[in-house]
Amino acid sequence: MSATAETEKLRDYFGDYYGHPYNRHQAAPLVTVDKAPHYTIHVAYLDDLYGLIPSARKMEFGKTQIDEAGYETAVQLLKAFDEMKVDNDDKKSVLIFLPGIYEIEEMHRRMEDLMTLENHKWILIPLHSSITSEEQDKVFIQAPLNYRKIILSTNIAESSITVPDVSFVIDFCLMKQLKNEMRSNYSMLIMTWASKSNCNQRAGRVGRVADGRVYRLIPKKMYNEFDDNELPEMSRCSLSRVVLMSKILDMGTPKQLLASALDAPCLKNIILTIRTLKQVGALLSTVNGVISSMDGDITYMGKVMAHLPLEPPMSKLIYFGYIFNILNEAMIMACGLSIKSIFSQPFNRRLEAYTQKLTWANYSCSDPIAYIGAFQSWLENKPEFDRNRNMEKTWAFKNYIQLSAIRELYDLIDDVSNRLNRNFGIIANSGKMKWTKPEEKALACKVILAGAFYPNYFIRGTNNAYMDEHEVLKTLNEHDPYRTVYFTGFPNDQPKELYKEAIESLFPQKIVGKPTAHFSTSNKVYVEFPMSNVKNTTSNNNQYEDNGNQLVPGNICYGVYVAIKMRTLKFNFNIPLLKPNDAKKK
Numbered sequence: 001m002s003a004t005a006e007t008e009k010l011r012d013y014f015g016d017y018y019g020h021p022y023n024r025h026q027a028a029p030l031v032t033v034d035k036a037p038h039y040t041i042h043v044a045y046l047d048d049l050y051g052l053i054p055s056a057r058k059m060e061f062g063k064t065q066i067d068e069a070g071y072e073t074a075v076q077l078l079k080a081f082d083e084m085k086v087d088n089d090d091k092k093s094v095l096i097f098l099p100g101i102y103e104i105e106e107m108h109r110r111m112e113d114l115m116t117l118e119n120h121k122w123i124l125i126p127l128h129s130s131i132t133s134e135e136q137d138k139v140f141i142q143a144p145l146n147y148r149k150i151i152l153s154t155n156i157a158e159s160s161i162t163v164p165d166v167s168f169v170i171d172f173c174l175m176k177q178l179k180n181e182m183r184s185n186y187s188m189l190i191m192t193w194a195s196k197s198n199c200n201q202r203a204g205r206v207g208r209v210a211d212g213r214v215y216r217l218i219p220k221k222m223y224n225e226f227d228d229n230e231l232p233e234m235s236r237c238s239l240s241r242v243v244l245m246s247k248i249l250d251m252g253t254p255k256q257l258l259a260s261a262l263d264a265p266c267l268k269n270i271i272l273t274i275r276t277l278k279q280v281g282a283l284l285s286t287v288n289g290v291i292s293s294m295d296g297d298i299t300y301m302g303k304v305m306a307h308l309p310l311e312p313p314m315s316k317l318i319y320f321g322y323i324f325n326i327l328n329e330a331m332i333m334a335c336g337l338s339i340k341s342i343f344s345q346p347f348n349r350r351l352e353a354y355t356q357k358l359t360w361a362n363y364s365c366s367d368p369i370a371y372i373g374a375f376q377s378w379l380e381n382k383p384e385f386d387r388n389r390n391m392e393k394t395w396a397f398k399n400y401i402q403l404s405a406i407r408e409l410y411d412l413i414d415d416v417s418n419r420l421n422r423n424f425g426i427i428a429n430s431g432k433m434k435w436t437k438p439e440e441k442a443l444a445c446k447v448i449l450a451g452a453f454y455p456n457y458f459i460r461g462t463n464n465a466y467m468d469e470h471e472v473l474k475t476l477n478e479h480d481p482y483r484t485v486y487f488t489g490f491p492n493d494q495p496k497e498l499y500k501e502a503i504e505s506l507f508p509q510k511i512v513g514k515p516t517a518h519f520s521t522s523n524k525v526y527v528e529f530p531m532s533n534v535k536n537t538t539s540n541n542n543q544y545e546d547n548g549n550q551l552v553p554g555n556i557c558y559g560v561y562v563a564i565k566m567r568t569l570k571f572n573f574n575i576p577l578l579k580p581n582d583a584k585k586k
């Protein structure tokens, strides 16, 4: 999003065209209001840092990513800010633009390591859409005297917020952008270089209440080659809902209607969208009985999709939910997948958040199922929460739920429910099919998920999909592969049994139960988790809850998933070792 407007494009679009015999176009009038800036913004590029920071010369730009030299350059810049002489003791804040949560975590880790080694007085604040609103509010809190606030943010800070005390911006000029994947016609986030408009918007975060400095960590020549503006969303994202709305309006073929848009999408994208809508059952392959590749008559399912504020696969999920008489569950899943996640991921408690999410999903490893468990639990307690907001906040904090997001989900479900009733007379729990067993209803939710997203789902390939059973057992030294992980690199000159308790304590036993460490003659250490772990404590009346052994799909032990997540989050699995001679004396 950018606060700047392409005035010339708008002038031409809203101008007047005089046909024969004049054949001329007159652009719409433009009124400008000049406002002189009160403060100066100094912009520097990577070229300006070559003589100051050695790692700046090592940065490479062949791929849209941040390399080791890039992180090092940013860290050295921060150290340089601390060395600058200022007129007072007030250390101005720094805003660093990073493309995603992974890059935020990596930068955060490097800065924490440096703070440990060199005792820098920094307050690090991550800013990302998955972080709770309470954590996001920390960016507005003034740092203590002699401390510097450093905000690590995605482009959420590009135009959504203004932090008055920011005087430095470090911009890697990268962003994640929704783009249509041509083979599947699904929109996905990809890493890309920002446009000049995006970069200027980021630079505008300083210079509002005082002079500011902006450091773009790319060569100036490269910046000059950037596009002036990012590609419009209609030109890079799925057109499914737009095409369906054009069919409801009945103002000609989708091609004719979309051709009059300010930024008309390419014909290839329109054809692909129509083909996809025919595949999901929203359009027929014919128009008035005649086969057409550029158009198709809208079906009843297509009309439902057009009237709902959701993408077609989500609307189809609701459609199937009505057929199977699980409309409430289908609306929760579809609406949950259409908004910002209701699950919070506090920056330093991401493992706990992950395990709680597994609990909400009844260990199915399914986000949509997790939405059902969490939302129904909140809805069950909503009357009491309405009377006591502090109780609601405590519940949300304990269960890693974002209150603003779950309230948004509630409103969206209500909107969808009203549209279904108003336009089609569809209401929940009115179908003939009745579910008597909770496990059957839970299975039906998985069935409609598979149907709604067909043919876009993951299946395990047949080639090299299964490791040889004997090889697996050999690798794990005959331990159960469904509940065992292993470490490598344990020194052979150390008595391994001495470290058994330390290795077992690496894993949170409140979450996974008490694991058992096993040793062999090699440098491997095997950790085996118990089958039955802690019980679900999120809800007393969750129909998707099972208090038996907690096994995720494929009978894999819950502890194995937690261990893998710990590795993904780059947990420190190091344990202090004694000197070999001292260890043998023990």
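Per the UniProt record's numbering, residue 1 is the first one in the sequence shown, and the count goes up by one each step.
Idealized CB from N, CA, C, for every residue including glycine.
TODO: For Q26, write down the residues that DSSP places opposite it in a beta bridge.
DONE: Counted from its first residue, the sequence shown places residue 26 at position 26. Answer by DSSP bridge pairing, in chain order: D16.
Open item on the list: Determine whether the beta carbon atoms of R148 and K91 lie at a separation below 7 Å.
Closed with: Here residue 148 is taken as the residue at index 148 of the sequence shown, counted from 1. Here residue 91 is taken as the residue at index 91 of the sequence shown, counted from 1. In contact: R148 and K91 (Cβ atoms closer than 7 Å).
Task: Beta-carbon spacing of V214, V43 below 7 Å - done: Looking up residue 214 in the sequence shown gives position 214. Looking up residue 43 in the sequence shown gives position 43. Closer than 7 Å, so yes.
Open item on the list: Using 8 Å for Cβ pairs, my map puts L178 next to C237. What's the rounded Cβ distance?
Closed with: The residue labelled residue 178 in the question sits at position 178 within the sequence shown. The residue labelled residue 237 in the question sits at position 237 within the sequence shown. About 5 Å; that satisfies the 8 Å criterion.
TODO: Taking Y558 as part of the alpha helix (DSSP H), name the residues at either end of that continuous run.
DONE: As a working mapping, residue 558 is identified with position 558 in the sequence shown. Where Y558 is concerned, the enclosing alpha helix (DSSP H) stretches over Y558 to T568.
Task: Distance between I53 and Q279 (C-alpha atoms, nearest Å) - done: Along the sequence shown, read from residue 1 onward, the residue named residue 279 stands at position 279. Along the sequence shown, read from residue 1 onward, the residue named residue 53 stands at position 53. Taking the straight line from one Cα to the other gives about 55 Å.
Task: Backbone CA spacing between I318 and K510 [nearest angstrom] - done: Counted from its first residue, the sequence shown places residue 318 at position 318. Counted from its first residue, the sequence shown places residue 510 at position 510. So the alpha carbons of these two residues sit roughly 38 Å apart.
Task: C-beta contact flag for I326 and K247 at 7 Å - done: Sequence index remark: in the sequence shown, residue 326 carries index 326 (1-based). Sequence index remark: in the sequence shown, residue 247 carries index 247 (1-based). Going by C-beta atoms, I326 is not nearer than 7 Å to K247.
Open item on the list: If the criterion is Cβ atoms closer than 7 Å, does the pair Q402 and S344 meet it?
Closed with: Against the sequence shown, residue 402 aligns to sequence position 402. Against the sequence shown, residue 344 aligns to sequence position 344. Their beta carbons are under 7 Å apart, which means Q402 touches S344 by this criterion.
Task: Run of the alpha helix (DSSP H) containing R110, from where it starts to where it stops - done: Locating residue 110 in the sequence shown gives position 110, counting from the first residue. I101 to E118 is the extent of the alpha helix (DSSP H) around R110.
Task: Closest Cα partner of G212 within the set A261, S93 and I448 - done: Numbered from its first residue, the sequence shown carries residue 212 at position 212. If we check each option's Cα against that of G212, S93 comes out closest.
Task: Cβ-based neighbour list, I372, same chain, cut-off 6 Å, excluding 5 preceding and 5 following - done: In the sequence shown, residue 372 corresponds to position 372, counting from 1. The answer, listed in chain order, is E329 and I332.
Open item on the list: Rounded to the nearest angstrom, what separates F140 and G296 at their Cα positions?
Closed with: Numbered from 1 along the sequence shown, position 140 holds the residue referred to as residue 140. Numbered from 1 along the sequence shown, position 296 holds the residue referred to as residue 296. Taking the straight line joining both Cα atoms gives about 52 Å.
Task: Beta-carbon gap between F172 and L217 smaller than 7 Å - done: For this step, residue 172 is matched to residue 172 along the sequence shown. For this step, residue 217 is matched to residue 217 along the sequence shown. Contact flag set, yes.
Task: Sequence ranges, beta strand (DSSP E) only - wholly within the segment 398-446, length at least 3 - done: none
Task: Nearest-angstrom beta carbon gap, V525 and F519 [assumed within contact, 8 Å] - done: The residue labelled residue 519 in the question sits at position 519 within the sequence shown. The residue labelled residue 525 in the question sits at position 525 within the sequence shown. Sure, about 6 Å apart at Cβ, within 8 Å.
Task: Spatial neighbours of N390 in its chain, beta-carbon cut-off 8 Å, leaving aside the 5 residues before and after - done: By 1-based counting over the sequence shown, the position of residue 390 is 390. Counting only Cβ-Cβ distances below 8 Å, and skipping sequence neighbours, we find nothing.
TODO: Going by CA-CA distance only, name the one from D113, F397, K434 and P313 that's closest to A353.
DONE: If you number the sequence shown from 1, residue 353 lands on position 353. Among D113, F397, K434 and P313, the Cα nearest to that of A353 belongs to F397.
TODO: Could you pull the start and end residues of the beta strand (DSSP E) that E528 belongs to?
DONE: As a first step, residue 528 must be located in the sequence shown, where it is residue number 528. Unbroken beta strand (DSSP E) run through E528: V525 to E528.
Open item on the list: As an exercise, report each continuous beta strand (DSSP E) stretch of at least 3 residues that is fully enclosed by the segment 29-59, in chain order.
Closed with: 41-45
- [ ] Could you pull out every residue in the same chain whose Cβ sits closer than 7 Å to the Cβ of P219, ignoring the five residues on either side in sequence?
- [x] In the sequence shown, counting from the first residue as 1, residue 219 sits at position 219. If we look at P219 and ignore the five residues flanking it on each side, its Cβ neighbours are Y45, L46 and D47.
Open item on the list: Just to confirm the assignment: which complete alpha helix (DSSP H) runs, minimum length 4, are found wholly within the segment 218-282?
Closed with: 220-224, 233-236, 240-249, 254-258 and 267-280
Task: For K340, the three-state DSSP class (helix, strand or coil) - done: Working through the sequence shown from its first residue, we reach residue 340 at position 340. The answer is coil: DSSP assigns K340 none of H, G, I, E or B.
Task: Beta-bridge pairing of A517 - partner residues as DSSP gives them - done: On the sequence shown, position 517 is the one that residue 517 refers to. Beta-bridge pairing links A517 to V527.
Open item on the list: At the level of alpha carbons, what is the spacing between E233 and E380?
Closed with: Reading the sequence shown from its first residue, position 233 is the one you call residue 233. Reading the sequence shown from its first residue, position 380 is the one you call residue 380. So the alpha carbons of these two residues sit roughly 39 Å apart.
TODO: For K138, collect the residues of the same chain with a Cβ closer than 8 Å to its Cβ; drop the 5 residues on either side in sequence, then sort them by chain order.
DONE: For this step, residue 138 is matched to residue 138 along the sequence shown. I125, listed in sequence order.
Open item on the list: Tell me the DSSP secondary structure of Q142 in three-state form.
Closed with: As a first step, residue 142 is located in the sequence shown; it is residue number 142 there, counting from the start. Residue state, collapsed to three classes: coil.
Open item on the list: Out of P368, N362 and L257, which one is the CA nearest neighbour of I342?
Closed with: Along the sequence shown, one-based indexing puts residue 342 at 342. Of P368, N362 and L257, the residue nearest in Cα terms is P368.
Open item on the list: Our contact map puts N198 next to E158 with C-beta atoms below 8 Å; I'd like the distance itself, whole angstroms only.
Closed with: Here residue 198 refers to the residue found at position 198 when the sequence shown is read from its first residue. Here residue 158 refers to the residue found at position 158 when the sequence shown is read from its first residue. That belief holds up - the Cβ atoms of N198 and E158 are roughly 7 Å apart, short of 8 Å.
Task: Pair within 7 Å by beta-carbon distance, F529 and R483 - done: Here residue 529 is taken as the residue at index 529 of the sequence shown, counted from 1. Here residue 483 is taken as the residue at index 483 of the sequence shown, counted from 1. Yes, these two residues count as a Cβ contact at 7 Å.
- [ ] Would you grab the beta carbon distance between L277 and L244 for me? Rounded to a whole angstrom, and I think it's under 8 Å.
- [x] The count along the sequence shown starts at 1 and reaches residue 277 at position 277. The count along the sequence shown starts at 1 and reaches residue 244 at position 244. Yes, they are in contact, since the Cβ atoms of L277 and L244 sit about 7 Å apart, within 8 Å.
TODO: Give me the Cα-Cα distance between T516 and M531, rounded to the nearest whole angstrom.
DONE: On the sequence shown, position 516 is the one that residue 516 refers to. On the sequence shown, position 531 is the one that residue 531 refers to. Each residue's alpha carbon lies about 12 Å from the other.
Task: Nearest candidate by alpha-carbon position, reference K579, set A374, L498 and F571 - done: Sequence index remark: in the sequence shown, residue 579 carries index 579 (1-based). When only C-alpha atoms are compared, the closest one is L498.
- [ ] Return the residue from the list G336, K496, N288 and L283 that minimises the CA-CA distance to T521.
- [x] Along the sequence shown, one-based indexing puts residue 521 at 521. Minimum Cα distance to T521 is reached at K496.
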